[in-house]
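The numbering of the sequence shown is numbering that gives the first Met the number 0, which starts it at 0 and goes up by one. Below: the structure, in structure tokens.
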Amino acid sequence: MLNRYQAKKPELNFLLQSERAFAKLLGMKYACALNSGGIAISLGLEAMKRVLFPDDAFDKIRVYSNAFTFHAVPSACVVAGFAETLKLIEATEELVLDLDHLEECIKEDLASGRFANGKMILVLSYMRGRVPDMHRVLELCSRYEMQLLEDSAHGYGCSFDSRMCGSFGVVSTISSQANKLVNTGEGGMVFTNNDEMQAFFIFSAGSYEELWRKHEELAPPEDVCLKYKCTVANKSVRMTNLQAALMVPQINVMQERIDHHNAMYYYLAGRTSAKFEELCGEGSSKRVVFIPQAHELVGPVYDSLQLRIMKDDGTAAQEELPALSSFLKMMQERKYSIAKFSDPANARNYKSWQYLKGADITPEVLPKTARALLNVCDLRMLCHDTELEMEKLARDIAECFKSCFVN
């Protein structure tokens, strides 16, 4: 029963149960479970190329994506064949895609004559659950006939204006790797409403002969499946039924996890502010900012914490604060897996993406992103955190800050 196609009873087909549940959650017609979120993005791009741009060369399709995200995202763009046309878009202070910069880049590309309206894809990553103004995203997609792929590895469960993230794009993806809202160790899914793309996903993942029929209502019509069955390379990237068995019960409590994560986050924010005032002096709480969502219509999932350490006057520094590394080291000595995004070795820092063109990953090319990542500390939260643990974390943040920053 570990192979999805060998489950003998419906109640033991955990993959189909998981796909149905996630597709329903997002309001998408189709879901296909894979062995990682990265391969989900790659297959999503490959499907978009095959179905939407069948006659266009790769070098005629511009792909835009976040300059601030996990390196699996640009890696997936490279794997899908878009290394030469990938354009990184700046991040804002709220760590979301800078939509003004995106539109500037689109206009520059059109003016150059290299790319045309309708020959563009936006791979939008909700890195650390940060969601931009999706009304404007869709408006830009409509205006420039740009196709949207959502990387919801950190964004599923989030919403914008009451619509689930992962339901806006032609394709969307999730990850169930460790530390995600749903954790199966490794794994991911890809979603679409497009019959031909779903057929591509099923056969790319590893279906063959008549096994596509075991996807039941999540398989496209027979004529579509027959079109793709023998014309798609098998990448053998299916999720195992064992991973899906871990997924099903977590989906059932996902909303409870979201509510708990958010409650602990807000509790921690309040207690950290209070501890700063108590331990570091009156007015000191302005020196630590829990980075907010970029838009009031975002329904958040705070399963991670991003703090920006500020200058004495409560404003953002234009360079790394000298005591930041000492602060992080002290926190790490207290057994917290906290890191800074500005570290060039951090896989979320564009400087570490050295498989891209060197000229595209410099602070001179991405100055706004470089500034946005300065003095930002990142810490993952756990679904079983308690108020007692948040109280301890707040005190530890304040004590380590006092030791390193307060003279």
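A virtual CB, placed ideally from N, CA and C, is assigned to each residue, including glycine.
Name the DSSP bridge partner or partners of residue i?
i	result
Lys86	Tyr63
Asp108	Its beta-bridge partners do not exist; DSSP assigns none.
Glu149	Leu123, Ser171
Cys421	The shown model of the chain, from 0 to 406, leaves out residue 421, and the question about it has no answer.
Gly187	Leu33, Ser174
Phe159	Arg162, Val297
Phe57	DSSP lists no partner for Phe57.
Phe289	Leu306
Arg256	Partner(s): none; Arg256 has no beta bridge.
Leu96	Ala90
Arg237	Leu33
Can you give me the Cβ contacts of residue i inside the same chain, cut-off strictly under 6 Å, excluding the 5 residues immediately before and after it?
i	result
Thr91	Asp97
Phe404	Ala322
Asn116	Tyr143, Glu144
Asn233	Gly205
Glu168	First, the residue type needs correcting, since residue 168 is Gly and not Glu in the sequence shown. Leu147, Leu148, Glu149, listed in sequence order.
Gln242	Thr183, Gly186
Val50	Glu195, Met196
Thr239	Leu1
Phe114	Arg61, Asp108
Asn12	Ala6
Cys382	Arg256
Val95	Arg129, Pro131, Ala293
Lys274	Ala393, Arg394, Ala397
Ser272	Ser284
Ala198	Pro219, Val223, Cys224, Tyr227
Flag this pair as yes or no: are the beta carbons of residue i and residue j separated by less than 8 Å?
i	j	result
Ala30	Glu18	yes
Phe200	Gly165	no
Leu137	Val170	no
Leu306	Ala397	no
Tyr4	Gly128	no
Met126	Phe69	yes
Leu411	Leu85	Residue 411 lies beyond the residue range present for the chain, which begins at 0 and ends at 406; the question has no answer from this structure.
Leu267	Leu372	no
Glu388	Arg270	no
Ala82	Thr368	no
Glu89	Leu365	yes
Glu319	Ser341	yes
Phe21	Ile250	yes
Glu93	Ile308	no
Leu42	Ser203	yes
Gly112	Ser74	no
Asn374	Ala338	no
Met253	Asp384	no
Phe159	Val297	yes
Met163	Gly26	yes
Asp359	Leu87	yes
Asn261	Pro299	yes
Ile40	Val77	no
Write down the C-beta distance between residue i and residue j rounded to the nearest angstrom, noting that I regard them as a contact closer than 8 Å.
i	j	result
Ile120	Ile60	6 Å
Leu123	Tyr155	The pair is not a contact, with the Cβ atoms about 13 Å apart (cut-off 8 Å).
Asn192	Lys28	4 Å
Lys228	Trp211	7 Å
Leu33	Val236	5 Å
Phe57	Gly80	5 Å
Ser351	Pro343	6 Å
Asp55	Lys118	6 Å
Taking 8 Å as the limit between beta carbons, can you name the residues of its chain near residue i, skipping five residues before and five after?
i	result
Cys140	Leu121, Gln146, Leu147
Glu276	Gly282, Ser283, Ser284
Leu9	The displayed chain sequence assigns Pro, not Leu, to residue 9. For Pro9, where only same-chain residues beyond five positions count, the Cβ hits under 8 Å are Leu15.
Asp311	Arg286
Ala244	Phe13
Leu327	Ile337, Ala338, Lys339, Cys376
Please return the same chain residues whose Cβ sits closer than 7 Å to the Cβ of residue i, not counting the five positions on each side in sequence.
i	result
Ser175	Val181, Asn182, Thr183, Gly186, Gly187, Met246
Ala346	Phe69, His70
Ser325	Cys403
Ala177	Gly184
Glu153	According to the sequence as given, residue 153 is His; it is not Glu. Same-chain partners within the cutoff: Tyr125, Met126, Arg127, Gly128.
Glu386	Tyr266
Cys157	Tyr125, Gly128, Val130, Cys164, Val297, Gly298, Pro299, Val300
Quiz item: Are the region 212–228 and the region 175–192 touching, with three or more C-beta to C-beta distances below 8 Å?
Solution: no
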